[in-house]
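Take a look at the structure set out below.
In my numbering, the protein residues as written are 7 to 162.
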């Protein structure tokens, strides 16, 4: 792909290159100053971009998850899928049946996005969003593809 700034493909390629350089390993704040973050997190620890990406108390992780969930639902609707819903309650699990250990068997279990017709006509597709901080100190020595695989396997 050309990186010249003439023509739309060149502009997109240059923008993509700059985007990648600023967002190394998928972190939306790498190379950027986060404004209005506040000096102290809701958990009581000093707040910075790195802490905000990994703290489950401060709410930023939930906000990122919900933004991705809503974007997926919007894309499904734009693609013409029917019955697109977010946070749809799943049917309660019957007693006595063994499920995978990571399965959410709670009475109020929900799917992030549900749509009809993604894989086959009139077939219901359930989509789950998982957000993680790839640049967290605990992940820095792990290749990105392995991090994705680990997160995917832990959700099954």
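Ideal Cβ positions, reconstructed from N, Cα and C, are used throughout, including at glycine.
Quantities reported herein were computed from a predicted structural model and do not represent experimental measurements.
1) Pull the bridge partners of residue 130 from the DSSP assignment, please.
2) In the DSSP assignment, find the unbroken alpha helix (DSSP H) run with residue 95 in it and report its ends.
3) Hey, residue 1 and residue 137 are a contact pair by Cβ (cut 8 angstroms); roughly how many whole angstroms apart?
4) Assuming the contact rule is C-beta atoms closer than 8 angstroms, residue 53 and residue 46 should be a hit. Round their C-beta distance to whole Å, please.
5) Please confirm if the segment 114 to 126 is in contact with the segment 92 to 103, defined as three or more CB-CB distances below 8 angstroms between the two stretches.
6) For the alpha helix (DSSP H) that residue 141 lies in, which residues bound it at each end?
7) Looking only at C-alpha atoms, which of 68, 102 and 127 sits nearest to residue 86?
8) Less than 7 angstroms between C-beta atoms, sequence neighbours within five positions excluded: which residues of the same chain meet that for residue 74?
9) Starting from the C-beta of residue 129, find all residues in its chain whose C-beta is less than 8 angstroms away, skip the five residues before and the five after it, and write them out in chain order.
10) Residue 132: buried (16+ other C-beta within 10 angstroms of its C-beta) or exposed?
11) Hey, could you find the ends of the alpha helix (DSSP H) residue 53 is sitting in?
12) On the DSSP bridge assignment, give the partners of residue 46 in chain order.
The answer reads as follows:
1) 122
2) Segment 88 to 95 is the beta strand (DSSP E) holding residue 95; no alpha helix (DSSP H) there.
3) The chain is shown from 7 up to 162; residue 1 falls before or after that span and cannot be answered.
4) 6 angstroms
5) yes
6) From DSSP, residue 141 is part of no alpha helix (DSSP H); its letter is neither H nor E.
7) 127
8) 135 and 137
9) 122 and 123
10) exposed
11) Run containing residue 53: none; DSSP gives neither H nor E here.
12) 52
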